[in-house]
Amino acid sequence: MSGRLFVIGTGPGNPEQTTPEALAVVEAATDFFGYGPYLDRLQLRSDQLRHASDNREELDRAGAALSMAADGANVCIVSGGDPGVFAMAAAVCEAIENGPAAWRAVDLTVLPGVTAMLAVAARAGAPLGHDFCAISLSDNLKPWNVIENRLELAARAGFVIALYNPISRARPWQLGEAFKLLRHHLPATTPVIFGRAAGRVNEHIAVQPLSQADASIADMATCIIIGSAETRIVTRPGKPDLVYTPRFMAGGKR
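With the UniProt record's numbering, the residue at position 161 of the sequence shown is 161, and numbering never jumps.
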């Protein structure tokens, strides 16, 4: 008899940003699959089992969880942020498409969560107030020339750009290259928001103009939002600046 598989996100890291819907699933599930640091965010009981694996083992993790659910267990796969944004939901769907027929019979539920770019945007003001896109700088699953092409087209089209997976020990150069490319298509004053660990105790939010954006201050815990030509900074006496993208564009209606 087939069991159930839930795919949840814990949010950006602040426990208060994990949704009540996800917490209810955590309370009911028996087995939990995920990257170790994400599982560490949960308060599991002694009768609940965790199955931790490396962050790059998404398909293996999805297959193991699906097999257990197909055997009748109530299983939860845990992502950070939102499970559908550069996270486990896509890996689960891929595993179901290419796996045994029994996996298609599993009762699957994907729950929405708070993804990193939303947490960073909220800290800065409203940089995502108009059209935006999200791009992962990791070339593990797509070639770098595809990333470059998407960055250029997004900038030329006027999108605010949220960058995920900006840098790692194995990929120390790509964020700098992305900034260099975008400087050819965006004003030098375009705000760049570096949001590290947004919502957590070690949160750090910094805003720099694109002309001076320093890739070295980012790491894998950083989500970066690059404004469009329309994005503005509002200074406030004694308070942090607000970064926002107006709801209207030049030539549009308010």
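Backbone N, C-alpha and C define an ideal beta-carbon position, used for all residues, glycine too. Predicted model only: the values in this text are computed from it and were never measured.
Item                                                                                                           : Value
Segment contact, 8 Å Cβ cut-off, at least three pairs: the stretch 191-207 with the stretch 138-155            : no
Limits of the unbroken beta strand (DSSP E) element including Asp232                                           : Residue 232 is actually Arg in this sequence, not Asp. Segment 232-236, the beta strand (DSSP E) holding Arg232.
Lys239 - partner residues in DSSP beta bridges                                                                 : Arg236
Helix, strand or coil at residue 255 according to DSSP, with G and I counted as helix                          : Missing from the structure shown is residue 255; the chain here goes from 1 to 254 and no further.
The stretch 42-54 touching the stretch 91-99, judged by at least three CB pairs closer than 8 Å                : no
Sequence-distant residues of the same chain with beta carbon closer than 8 Å to Leu128, five excluded per side : Met117, Leu118, Ala121, Val160, Ala162, Ile225, Thr245
Selected residue, minimal CA-CA separation from Val105, among Lys239, Pro209, Leu5, Leu44                      : Before going on, a small fix: residue 105 reads as Ala here, not Val. Considering only alpha carbons, the answer is Leu5.
Beta-bridge pairing of Val75 - partner residues as DSSP gives them                                             : Leu5, Asp31
Cβ neighbour criterion (16 or more within 10 Å) applied to His184                                              : exposed
Three-state secondary structure assigned by DSSP to Phe179                                                     : helix
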